[in-house]
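Asks: Got a structure for you, written out below as structure tokens; questions coming shortly.
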Amino acid sequence: MTTRSILVPLLLIAAAASVIWPLVQPMNGYLLNLFMQAATYAMAVLGLTVVLGYAGQISIAQAAFFGLGAYGVAIGTTMLHLPFMLALLLGVAVAAVFGAILGASTLKLGGHYLAMVTISFQQILTLVLTNWIGLTNGPDGIRNIPRPALFGISWQDSDRYLALCLVVLYAVGTFVWWLKGTKLGLGMQAVRDNELAAEVVGVDTYRVKVTAFCLSALLGGLGGGLFAGGFGYISPDQFSFGESVVFLTMVLLGGADAAVGSAVGTALLILLPEWLRFLRGAYLAVYGLAVILIMVFMPTGLWGVLSRLFGPPKRRDHGVVEALSLGDPDGEDGDLLLEIKGLAKHFGGLKALDGVDIAVERGKVHALIGPNGSGKTTMLNVLSGIYRPTRGEVRVDGVKVSGLPPHEIAAAGVGRTFQNIRLFHSLTVFENVVIGAQRPRNPAAATPDQARRRALAALEFVGMAGRADIKVASLPYGHQRLVEIARALAGNPTLLLLDEPAAGLNLTEKQELVGLLKRLAHHGLTLFLIDHDMNLVEQMADRITVLNFGKRIAEGTPAEVLRHPDVIAAYLGEVPDHAAA
Numbered sequence: 001m002t003t004r005s006i007l008v009p010l011l012l013i014a015a016a017a018s019v020i021w022p023l024v025q026p027m028n029g030y031l032l033n034l035f036m037q038a039a040t041y042a043m044a045v046l047g048l049t050v051v052l053g054y055a056g057q058i059s060i061a062q063a064a065f066f067g068l069g070a071y072g073v074a075i076g077t078t079m080l081h082l083p084f085m086l087a088l089l090l091g092v093a094v095a096a097v098f099g100a101i102l103g104a105s106t107l108k109l110g111g112h113y114l115a116m117v118t119i120s121f122q123q124i125l126t127l128v129l130t131n132w133i134g135l136t137n138g139p140d141g142i143r144n145i146p147r148p149a150l151f152g153i154s155w156q157d158s159d160r161y162l163a164l165c166l167v168v169l170y171a172v173g174t175f176v177w178w179l180k181g182t183k184l185g186l187g188m189q190a191v192r193d194n195e196l197a198a199e200v201v202g203v204d205t206y207r208v209k210v211t212a213f214c215l216s217a218l219l220g221g222l223g224g225g226l227f228a229g230g231f232g233y234i235s236p237d238q239f240s241f242g243e244s245v246v247f248l249t250m251v252l253l254g255g256a257d258a259a260v261g262s263a264v265g266t267a268l269l270i271l272l273p274e275w276l277r278f279l280r281g282a283y284l285a286v287y288g289l290a291v292i293l294i295m296v297f298m299p300t301g302l303w304g305v306l307s308r309l310f311g312p313p314k315r316r317d318h319g320v321v322e323a324l325s326l327g328d329p330d331g332e333d334g335d336l337l338l339e340i341k342g343l344a345k346h347f348g349g350l351k352a353l354d355g356v357d358i359a360v361e362r363g364k365v366h367a368l369i370g371p372n373g374s375g376k377t378t379m380l381n382v383l384s385g386i387y388r389p390t391r392g393e394v395r396v397d398g399v400k401v402s403g404l405p406p407h408e409i410a411a412a413g414v415g416r417t418f419q420n421i422r423l424f425h426s427l428t429v430f431e432n433v434v435i436g437a438q439r440p441r442n443p444a445a446a447t448p449d450q451a452r453r454r455a456l457a458a459l460e461f462v463g464m465a466g467r468a469d470i471k472v473a474s475l476p477y478g479h480q481r482l483v484e485i486a487r488a489l490a491g492n493p494t495l496l497l498l499d500e501p502a503a504g505l506n507l508t509e510k511q512e513l514v515g516l517l518k519r520l521a522h523h524g525l526t527l528f529l530i531d532h533d534m535n536l537v538e539q540m541a542d543r544i545t546v547l548n549f550g551k552r553i554a555e556g557t558p559a560e561v562l563r564h565p566d567v568i569a570a571y572l573g574e575v576p577d578h579a580a581a
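Counting from 1, position 404 in the sequence shown corresponds to residue 404 in the UniProt record's numbering; the numbering is continuous, with no gaps.
Take a look at the structure:
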């Protein structure tokens, strides 16, 4: 029995009952307003779930977007005399545009720096609403905001309007719940867990962040617009910094990465004070203590606790496992796949790479070795787009890729693993690999269904299909390495960059890794390999290039390179007499 099988039917029943209830059982005006506030606030909190819970971007400006939607409706209906729906669309559009602008302008920021910028935006908007008297009527606010007449039905009665708000809320909640499992939603979660890895496997992090802010603001504006119509009066103090903190508290209480959790947090924060009023003067103290205890002892929110209470998710049937296609069927062995010409990367006065030339043939295993600090990982960072080269160029299959962002290099058919494993630890094994399969221009995964089949085939190839639905963070280190390789393979690369894949593995795991890499080579996949384990390099490499202090000092077959005097000197600090002879 799973969380989904128990709670989803109960939630559907509760949702239907909540819409019907105000229509058949009249409530007093106070309760109607309370539930109306909860419904409209929940829409804004669901928007915060998208940007904070899914994409991991800290926003303390949701009340600003809520206010933009509210003032859009208020100004549109009372000053421009627009129909309610047109005014609502105006408010939502304005909020979405400002959300996109905020997301685009804060692309390079994160953590408390991003939080400070969003707080500044919130404060600026509050000042504008308060002081632009000709448009907003200043601190006095806007009154007599009409309710809509939609579908030939008058929504003037509060019970009907509440039912309308609840229907919209459930539509928004369904959308946010659905979004989490889509390509965009998985991309957001990848950015949240490990932005660098997300970019390298093909996620356009710029587009994802801007979209997350835009959607969050849109939903906030929608809630604000319906709030204005429901209460008929708005003023700047209803959309202050304090309200943004309330929204943030709501999403954290319920569970930041779950749509249902956001609704639960909203209901708790709005309705709990009413349930505690029997305590009279002490109810605020009890309320505050309850909120603090939940946030301290339930860091994943109430929904996270409920999910764990009902046990781990049931293993899903992902369908028939297909054989994994690898290599480049259109290319011929012996052709040059990777061409590196005069590549240099300088960090100030440090020349990490200094005029390196390397040519890698299609279908071969090419190893890059050298002492620590020789420039090996810098080379992979340039090849995968993490660093822009100071000069020189890189071509993959004849196409210049040097200087492109990582997600575009991934789209060109370059896959990569990291020395320090970079997985998306909040996601399952299967979700990690699906994200790799969804890289742009992947001919093996043009549709979501094909991406899922490709991911399962990659997991089967590395022997991890049986653990597809396990959280990747719970796997041992060696299995995490296999998942990272599977994620790269799911992207159907023509070139796979491997940065010390044997690092941290025990002897048995290294033997399994060698077997896996040999199978990849047998299937014709071109491998560009870095590793300090010379036994592995000798077993795998067709050719070896050696770097020292950013320069190429030798290249050839393993036998030629490993007895080269300059290579021996680089590793040992001197040339042995027998090597010199």
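Built from N, CA and C at the ideal position, the CB exists for glycine as well.
All figures in this text were calculated on a predicted structure; none of them were measured in a lab.
Is it the case that the Cβ atoms of Gln62 and Ala44 are separated by a distance below 7 Å?
Replies: For the purposes of this step, residue 62 is taken as residue 62 along the sequence shown, with counting starting at 1. For the purposes of this step, residue 44 is taken as residue 44 along the sequence shown, with counting starting at 1. In contact: Gln62 and Ala44 (Cβ atoms closer than 7 Å).
Asks: Taking the straight line between their C-alpha atoms, what separation do you get for Ala125 and Thr106?
Replies: If you number the sequence shown from 1, residue 125 lands on position 125. If you number the sequence shown from 1, residue 106 lands on position 106. As written in the sequence, residue 125 is Leu, which differs from the Ala given in the question. Rounded to whole angstroms, Leu125 to Thr106 spans 17 Å at the Cα level.
Asks: State buried or exposed for Ala580, treating a residue as buried only when at least 16 other CB atoms are found within 10 Å of its CB.
Replies: What you label residue 580 is simply residue 580 of the sequence shown in a count that begins at 1. With a pLDDT of 44 at Ala580, under the threshold of 50, the predicted position of this residue should be treated as unreliable, and no value is reported.
Asks: Within the continuous alpha helix (DSSP H) that includes residue 586, where are the two ends?
Replies: The structure shown does not extend to residue 586, since the chain spans only 1 to 581, so no value can be given for it.
Asks: List the residues that DSSP assigns as beta-bridge partners of Lys351.
Replies: By 1-based counting over the sequence shown, the position of residue 351 is 351. Note: Lys351 sits in a beta bridge opposite His346.
Asks: Considering Leu176, what are the terminal residues of the alpha helix (DSSP H) in which it resides?
Replies: Numbered from 1 along the sequence shown, position 176 holds the residue referred to as residue 176. The residue you asked about is not Leu; residue 176 is Val in the sequence shown. It spans 158 to 179 - the alpha helix (DSSP H) in which Val176 sits, taken as one unbroken run.
Asks: Can you tell me whether DSSP reads His366 as helix, strand or coil?
Replies: In the sequence shown, counting from the first residue as 1, residue 366 sits at position 366. Correct three-state label for His366: strand.
Asks: Using the three-state DSSP reduction, which class does Ala554 fall into: helix, strand or coil?
Replies: The residue given as residue 554 occupies position 554 in the sequence shown. In the structure shown, Ala554 sits in a strand (DSSP, three-state: E or B).
Asks: How far does the alpha helix (DSSP H) with Thr447 in it extend, from its first residue to its last?
Replies: Looking up residue 447 in the sequence shown gives position 447. Where Thr447 is concerned, there is no enclosing alpha helix (DSSP H), given that its DSSP letter is neither H nor E.
Asks: Per the contact definition of three or more C-beta pairs closer than 8 Å, is the stretch 336 to 344 in contact with the stretch 385 to 398?
Replies: Counting Cβ pairs under 8 Å, three or more are found: they touch.
Asks: Using the three-state DSSP reduction, which class does Asn548 fall into: helix, strand or coil?
Replies: Taking the first residue of the sequence shown as position 1, residue 548 is located at position 548. Asn548 falls in the strand class under three-state DSSP.
Asks: Does the structure place the stretch 467 to 480 close enough to the stretch 521 to 528 that three or more beta carbon pairs sit under 8 Å?
Replies: These segments do not touch.
Asks: Between Ile409, Leu186, Ser402, which lies nearest to Val429 when the distance is taken from Cα to Cα?
Replies: Here residue 429 corresponds to residue number 429 of the sequence shown, with the count starting at 1. The shortest Cα separation from Val429 among Ile409, Leu186, Ser402 belongs to Leu186.
Asks: Could you have a look at Thr416 and say whether DSSP puts it in helix, strand or coil?
Replies: Within the sequence shown, numbered from 1, the residue matching residue 416 stands at position 416. Reading off the sequence, residue 416 comes out as Arg, not Thr. Note: Arg416 maps to strand in three-state DSSP.
Asks: Looking at C-beta atoms only, is the number of pairs between the stretch 29 to 43 and the stretch 198 to 209 that lie closer than 8 Å three or more?
Replies: No, the stretch 29 to 43 is not in contact with the stretch 198 to 209.
Asks: Spell out the partners DSSP gives Asp499 in its beta bridges.
Replies: The residue you call residue 499 lines up with position 499 of the sequence shown. According to DSSP, Asp499 bridges with Ile530.
Asks: Three or more C-beta pairs closer than 8 Å, one from the stretch 399 to 406 and one from the stretch 441 to 450: is that the case here?
Replies: They do not touch, by the three-pair rule.
Asks: Can you tell me which of the three DSSP states Ala149 falls into?
Replies: The residue labelled residue 149 in the question sits at position 149 within the sequence shown. Three-state result, Ala149: strand.
Asks: State the beta-bridge partners of Lys400 as determined by DSSP.
Replies: Your numbering for residue 400 matches position 400 in the sequence shown. The partner list for Lys400 (beta bridge, DSSP) reads Arg395.
Asks: In the DSSP assignment, what residue or residues form a beta bridge with Arg543?
Replies: Residue 543 sits at position 543 when you count from the first residue of the sequence shown. His366, per the DSSP bridge assignment.
Asks: Please work out which residues of its chain come closer than 8 Å, Cβ to Cβ, to Leu109, disregarding the five sequence neighbours upstream and downstream, and give them in chain order.
Replies: The residue labelled residue 109 in the question sits at position 109 within the sequence shown. Val117, listed in sequence order.
Asks: When burial is assigned at 16 or more other CB atoms within 10 Å of the CB, is Leu135 buried or exposed?
Replies: As a first step, residue 135 is located in the sequence shown; it is residue number 135 there, counting from the start. Burial call: exposed.
Asks: Is the CB-CB distance between Gly111 and Val94 below 7 Å?
Replies: Start at 1 with the first residue of the sequence shown, and residue 111 comes out as number 111. Start at 1 with the first residue of the sequence shown, and residue 94 comes out as number 94. In this structure, Val94 does not lie closer than 7 Å to Gly111 by Cβ.
Asks: Taking only three categories from DSSP, how would you classify Asp357?
Replies: Reading the sequence shown from its first residue, position 357 is the one you call residue 357. Strand at Asp357.
Asks: Taking residue 583 and Pro501 to be in contact with their CB atoms under 8 Å, please state how far apart those CB atoms are, rounded to whole angstroms.
Replies: Nothing about residue 583 can be reported from this structure: the residues present for the chain run from 1 to 581 only.
Asks: Do Gly224 and Gly99 have their C-beta atoms closer together than 7 Å?
Replies: Position 224 of the sequence shown holds residue 224. Position 99 of the sequence shown holds residue 99. Result no, Cβ atoms of Gly224 and Gly99 do not sit closer than 7 Å.
Asks: Can you tell which of Ile409, Ser240, Met79, Arg160 has the C-alpha that lies nearest to the C-alpha of Gly29?
Replies: By 1-based counting over the sequence shown, the position of residue 29 is 29. For the residues Ile409, Ser240, Met79, Arg160, the minimum Cα distance to Gly29 belongs to Arg160.
Asks: Residue range of the alpha helix (DSSP H) that Trp275 falls in?
Replies: Taking the sequence shown and counting its residues from 1, one reaches residue 275 at position 275. Run containing Trp275: 259 to 275, per the alpha helix (DSSP H) assignment.
Asks: Determine, using beta carbons only, whether Gln495 and Val414 come nearer to each other than 7 Å.
Replies: In the sequence shown, counting from the first residue as 1, residue 495 sits at position 495. In the sequence shown, counting from the first residue as 1, residue 414 sits at position 414. According to the sequence displayed, residue 495 carries Leu and not Gln. For Leu495 and Val414, yes; Cβs fall inside 7 Å.
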